[in-house]
Amino acid sequence: MSERGVFNSALQRFVDHLPLPAAVIDETGRLLVKNTAWTEAAAASSADFVREPPASWPAPQPREDQMFWLPLETADRFRTYLAIRPAAASGEGEKDVRRRALEEAFERYHAAFLVLDRKGRILWMNALFRRWFFVPAAAVGRPIADVFRHLPEEQTPAPKRLIAGGEVREEPFTWMRNGKPLHLVRDSYALGDIGAVLLAFKEIGRYANIDDKILRADRLATIGQMAAGTAHEIRNPLTSLRGFLQLLETSLAEHGLEKEREYVHLMLKEILRINALVDQFLLLGKPQAVRYRKLRLPAVVAEIVPVLAGEAMLHDIVLENRVQEPLPPIIGDPELIKQVLLNIVKNAIEAVERQGTITLTVDVDPEMRTVHLNVHDTGPGIPPYLVDRIFDPFFTTKKDGTGLGLAVCQRIIQDLGGQIRVISKGFGTTMQIVLPYVDDTESGAAEARGRKRDTEDPNGPAPDSIR
Numbered sequence: 001m002s003e004r005g006v007f008n009s010a011l012q013r014f015v016d017h018l019p020l021p022a023a024v025i026d027e028t029g030r031l032l033v034k035n036t037a038w039t040e041a042a043a044a045s046s047a048d049f050v051r052e053p054p055a056s057w058p059a060p061q062p063r064e065d066q067m068f069w070l071p072l073e074t075a076d077r078f079r080t081y082l083a084i085r086p087a088a089a090s091g092e093g094e095k096d097v098r099r100r101a102l103e104e105a106f107e108r109y110h111a112a113f114l115v116l117d118r119k120g121r122i123l124w125m126n127a128l129f130r131r132w133f134f135v136p137a138a139a140v141g142r143p144i145a146d147v148f149r150h151l152p153e154e155q156t157p158a159p160k161r162l163i164a165g166g167e168v169r170e171e172p173f174t175w176m177r178n179g180k181p182l183h184l185v186r187d188s189y190a191l192g193d194i195g196a197v198l199l200a201f202k203e204i205g206r207y208a209n210i211d212d213k214i215l216r217a218d219r220l221a222t223i224g225q226m227a228a229g230t231a232h233e234i235r236n237p238l239t240s241l242r243g244f245l246q247l248l249e250t251s252l253a254e255h256g257l258e259k260e261r262e263y264v265h266l267m268l269k270e271i272l273r274i275n276a277l278v279d280q281f282l283l284l285g286k287p288q289a290v291r292y293r294k295l296r297l298p299a300v301v302a303e304i305v306p307v308l309a310g311e312a313m314l315h316d317i318v319l320e321n322r323v324q325e326p327l328p329p330i331i332g333d334p335e336l337i338k339q340v341l342l343n344i345v346k347n348a349i350e351a352v353e354r355q356g357t358i359t360l361t362v363d364v365d366p367e368m369r370t371v372h373l374n375v376h377d378t379g380p381g382i383p384p385y386l387v388d389r390i391f392d393p394f395f396t397t398k399k400d401g402t403g404l405g406l407a408v409c410q411r412i413i414q415d416l417g418g419q420i421r422v423i424s425k426g427f428g429t430t431m432q433i434v435l436p437y438v439d440d441t442e443s444g445a446a447e448a449r450g451r452k453r454d455t456e457d458p459n460g461p462a463p464d465s466i467r
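Counting in UniProt numbering, the sequence shown runs from 1 upward without gaps.
Okay, structure coming up:
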């Protein structure tokens, strides 16, 4: 997937969570992504719903139809606009609705935002700015210089040159947070029409993570293309071999040639193993048959726990399930989630020595609107130099491993809009399955969007497990 594709995918997830009609439009007026509320409002409107963005850049401007345009710009200067069409709610004026919509948008975007007037007084800041820079909500209305009066001017988030209207793009800025440096880039926009300044702070580390994801996605795409072209060519002769070997096995058994029959039986087992490997290979290259629905994660985990606990007991390992309600619902496919959990727990069983423990826990990140399903084991841990490689296709430390299991798991969870993280610090490992959640009030719309994205797998159902 290209960097632009990753950017558009992130924008789609972003606008999907906005409560008002929202879309992202490029400089030519081409619609890139939109949410369901936008689609419904456009269908109900008799007017031309999509118009060209404002000619000026980067100042957002209200339009005659009250459309509000907010400029977005990527690292490669690809310019787009977030278009929001407010719909006045009962008891609210249109200005209040626009303000609420923009505040909602800024809270969902993973960047710290600060709005100042030309005298340097704080007009607004989002939750991430308050958290990164330790600024209380009560500071709104105070001069920014007073809030950071203990620091030299150029070490503050908003020096005078930016308050005066100076504009910068991706200016490096380091902030000491709890004794540790937080490496950021800073953008500033002079909002001339309203006499204010908008400052945006983004974490440099997130760009590095995006680059890594792009490289990994490109590798998976290459492997997927190769898989689609070669898997069936491998399967066809294997099917013939398997059929003839089964006939030979039956014939040898009828003639009492038990030793020879045993050899043929071993050959059949190896053919099944190759077939299973081809199945995994195909999973990297074809879209999953995802059946979206609203899920309660504790119920999904409870269904697979007896299987996991039985497997753990065979190895003298204790499995503890601490995943309990209340949790917000998620939109996903329960069978795929169970498939991923089965594979991760099996890996943990192989890593843990006898009399060890595997613990399933869950936590929620309200800021990122994600649920984290954690699988923690008491094994020896993963060496730091291997942590970044375990999701690479064909990378394995197991004697009989294929190196495809975790790569396929990551692909499945990414198809559900999440990711798998690994945390290992010398002793024990935590595999964290991160999935976006929805509010009960919006789960119906999200489930409907999921049903529209359902795809049927032309090659049949996925294997029950990944080995």
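Glycine included, C-beta positions come from ideal geometry on N, C-alpha and C. Keep in mind it's a predicted model, so treat the numbers as computed, not measured.
**Request:** Determine the burial state of Asp26: buried for a count of at least 16 other Cβ atoms within 10 Å of its Cβ, exposed for fewer.
**Result:** On the sequence shown, position 26 is the one that residue 26 refers to. That one is exposed.
**Prompt:** Going by beta carbon distance, what residues of the same chain come within less than 7 angstroms of His265, once the five residues before and after it are set aside?
**Reply:** The count along the sequence shown starts at 1 and reaches residue 265 at position 265. Closer than 7 angstroms at the Cβ level, and outside the excluded window around His265, lie Glu249.
**Request:** Identify whether Phe427 lies in helix, strand or coil by the three-state DSSP scheme.
**Result:** Position 427 of the sequence shown, counted from the first residue, corresponds to residue 427. Coil, per DSSP.
**Coarse secondary structure for Lys160, derived from DSSP in three states** = Along the sequence shown, read from residue 1 onward, the residue named residue 160 stands at position 160. The answer is helix: DSSP assigns Lys160 an H, G or I state.
**Asked** Residues in its own chain within less than 6 angstroms of Lys202 by CB, not counting five upstream and five downstream?
**Response** For the purposes of this step, residue 202 is identified with residue 202 of the sequence shown, where counting begins at 1. Taken in chain order, the residues that qualify are Ala111, Val185.
**Request:** Identify the continuous alpha helix (DSSP H) that holds Pro181 and give its terminal residues.
**Result:** What you label residue 181 is simply residue 181 of the sequence shown in a count that begins at 1. It is not in any alpha helix (DSSP H) - Pro181 instead sits in the beta strand (DSSP E) that spans 180 to 191.
**Asked** To which residues does DSSP link Trp124 through a beta bridge?
**Response** Mapped onto the sequence shown, residue 124 falls at position 124. The partner list for Trp124 (beta bridge, DSSP) reads Val115.
**Item:** For Trp124 and Arg169, the rounded distance between their alpha carbons
**Value:** Here residue 169 corresponds to residue number 169 of the sequence shown, with the count starting at 1. Here residue 124 corresponds to residue number 124 of the sequence shown, with the count starting at 1. In a straight line, the C-alpha of Arg169 is about 21 angstroms away from that of Trp124.
**Prompt:** Run through DSSP, which three-state label would Asp16 get?
**Reply:** Here residue 16 refers to the residue found at position 16 of the sequence shown. Asp16 falls in the helix class under three-state DSSP.
**Asked** So, helix, strand or coil for Val318, using DSSP?
**Response** Position 318 of the sequence shown, counted from the start, is the residue given in the question as residue 318. Of the three classes helix, strand and coil, the one that applies to Val318 here is strand, per DSSP.
**Message:** If you reduce the DSSP assignment to three classes, tell me which class Val340 lands in.
**Reply:** As a position in the sequence shown, residue 340 is number 340, starting the count at 1. Val340: helix per DSSP, three-state reduction.
**Request:** Evaluate the contact criterion for the stretch 417 to 433 versus the stretch 365 to 376: three or more CB pairs, one atom per stretch, below 8 angstroms.
**Result:** yes
**Prompt:** Which partner residues of His347 appear in the DSSP bridge assignment?
**Reply:** Residue numbering aside, residue 347 sits at position 347 when the sequence shown is read from its first letter. A small fix is needed here, since residue 347 is Asn in this sequence, not His. Paired residues: none, contrary to the question.
**Message:** I'd like to check one pair, Glu167 with Ala190: are the Cβ atoms closer than 8 angstroms?
**Reply:** Here residue 190 refers to the residue found at position 190 when the sequence shown is read from its first residue. Here residue 167 refers to the residue found at position 167 when the sequence shown is read from its first residue. A contact, by the Cβ cut-off of 8 angstroms.
**Message:** Quick check on DSSP: helix, strand or coil for Asp377?
**Reply:** What you label residue 377 is simply residue 377 of the sequence shown in a count that begins at 1. The answer is strand: DSSP assigns Asp377 an E or B state.
**Request:** Go ahead and pull the three-state DSSP assignment for Met368.
**Result:** Locating residue 368 in the sequence shown gives position 368, counting from the first residue. Three-state result, Met368: coil.
**Request:** Let me know the secondary structure DSSP gives Glu153 once reduced to three states.
**Result:** Looking up residue 153 in the sequence shown gives position 153. Three-state result, Glu153: helix.
**Request:** Using 10 angstroms around the beta-carbon of Glu64, count the other beta-carbons present and answer buried if the total reaches 16, otherwise exposed.
**Result:** In the sequence shown, residue 64 corresponds to position 64, counting from 1. With a pLDDT of 42 at Glu64, under the threshold of 50, the predicted position of this residue should be treated as unreliable, and no value is reported.
**Prompt:** Is it a yes or a no for the stretch 318 to 325 touching the stretch 300 to 308, going by three-plus beta-carbon pairs under 8 angstroms?
**Reply:** yes
**Prompt:** What is the DSSP secondary structure of Arg293, counted as helix, strand or coil?
**Reply:** Against the sequence shown, residue 293 aligns to sequence position 293. It is a strand residue.
**Item:** Which of helix, strand or coil DSSP assigns to Pro326
**Value:** In the sequence shown, residue 326 corresponds to position 326, counting from 1. If DSSP states are grouped into helix, strand and coil, Pro326 belongs with coil.
**Prompt:** By a C-beta neighbour count over all protein chains shown, 10 Å radius and 16 as the cutoff for buried, is Phe133 buried or exposed?
**Reply:** Here the question's residue 133 lines up with position 133 in the sequence shown. Its Cβ being crowded by 16 or more others within 10 Å, Phe133 is buried.
**Asked** What did DSSP end up calling Leu360 once you bin it into helix, strand or coil?
**Response** Counted from its first residue, the sequence shown places residue 360 at position 360. If DSSP states are grouped into helix, strand and coil, Leu360 belongs with the strands.
**Message:** Taking a contact to mean a Cβ-Cβ separation below 8 angstroms, would you say Ala196 touches Asp117 in this structure?
**Reply:** Locating residue 196 in the sequence shown gives position 196, counting from the first residue. Locating residue 117 in the sequence shown gives position 117, counting from the first residue. Yes, the pair counts as a contact, with Cβ atoms nearer than the cut-off.
**Item:** Residue span of the beta strand (DSSP E) that contains Leu406, given as start and end
**Value:** Looking up residue 406 in the sequence shown gives position 406. Not the beta strand (DSSP E): Leu406 falls in the alpha helix (DSSP H), residues 405 to 415.
**Message:** Among Gly381, Asp415, Gln419, Leu295, whose alpha-carbon lies nearest the alpha-carbon of Phe427?
**Reply:** If you number the sequence shown from 1, residue 427 lands on position 427. Here the closest residue by C-alpha is Gly381.
**Request:** With DSSP as the reference, label Glu171 as helix, strand or coil.
**Result:** Within the sequence shown, residue 171 is the residue found at index 171, counting from 1. Three-state result, Glu171: strand.
**Message:** Restricting to Cα atoms, I'd like to know which of Ala139, Gly243, Leu114 is closest to Ser188.
**Reply:** Taking the first residue of the sequence shown as 1, we reach residue 188 at position 188. Checked all of Ala139, Gly243, Leu114; the closest Cα to Ser188 is Leu114.
**Request:** Return the Cβ separation of Val362 and Leu297 in integer angstroms, given the expectation that the two are a contact with Cβ distance under 8 angstroms.
**Result:** The residue given as residue 362 occupies position 362 in the sequence shown. The residue given as residue 297 occupies position 297 in the sequence shown. At roughly 7 angstroms, the Cβ-Cβ gap stays under 8 angstroms, so Val362 and Leu297 are in contact.
**Asked** Since Leu386 is in the alpha helix (DSSP H), which residue starts that stretch and which ends it?
**Response** Residue mapping note: residue 386 aligns to position 386 of the sequence shown, counting from 1. That run of the alpha helix (DSSP H) goes 384 to 387.
**Request:** Assign Leu272 to one of two classes, buried (16 or more other C-beta atoms within 10 Å of its C-beta) or exposed (fewer than that).
**Result:** On the sequence shown, residue 272 is found 272 positions in, with the first residue counted as 1. By the neighbour-count rule (16 or more Cβ atoms within 10 Å), Leu272 is not buried but exposed.
**Prompt:** Can you tell which of Ile330, Leu31, Pro21, Arg121 has the C-alpha that lies nearest to the C-alpha of Ala164?
**Reply:** Along the sequence shown, read from residue 1 onward, the residue named residue 164 stands at position 164. Minimum Cα distance to Ala164 is reached at Arg121.
**Message:** Rounded to whole angstroms, what is the Cα-Cα separation between Leu252 and Asn275?
**Reply:** For this step, residue 252 is matched to residue 252 along the sequence shown. For this step, residue 275 is matched to residue 275 along the sequence shown. C-alpha separation (whole angstroms): 24 angstroms.
**Request:** With Val147 as the anchor, note down where its alpha helix (DSSP H) starts and where it stops.
**Result:** One-based indexing of the sequence shown puts residue 147 at position 147. 144 to 147 is the span of the alpha helix (DSSP H), which, as asked, contains Val147.
**Message:** In the DSSP assignment, the beta strand (DSSP E) including Glu353 goes from what residue to what residue?
**Reply:** Residue numbering aside, residue 353 sits at position 353 when the sequence shown is read from its first letter. Careful: Glu353 lies outside any beta strand (DSSP E) and carries neither H nor E.
**Message:** Does the distance between the C-beta of Arg186 and the nearest non-hydrogen atom of the ligand PLP fall short of 7 angstroms?
**Reply:** No copy of the ligand PLP appears in this structure; indeed no ligand is present at all.
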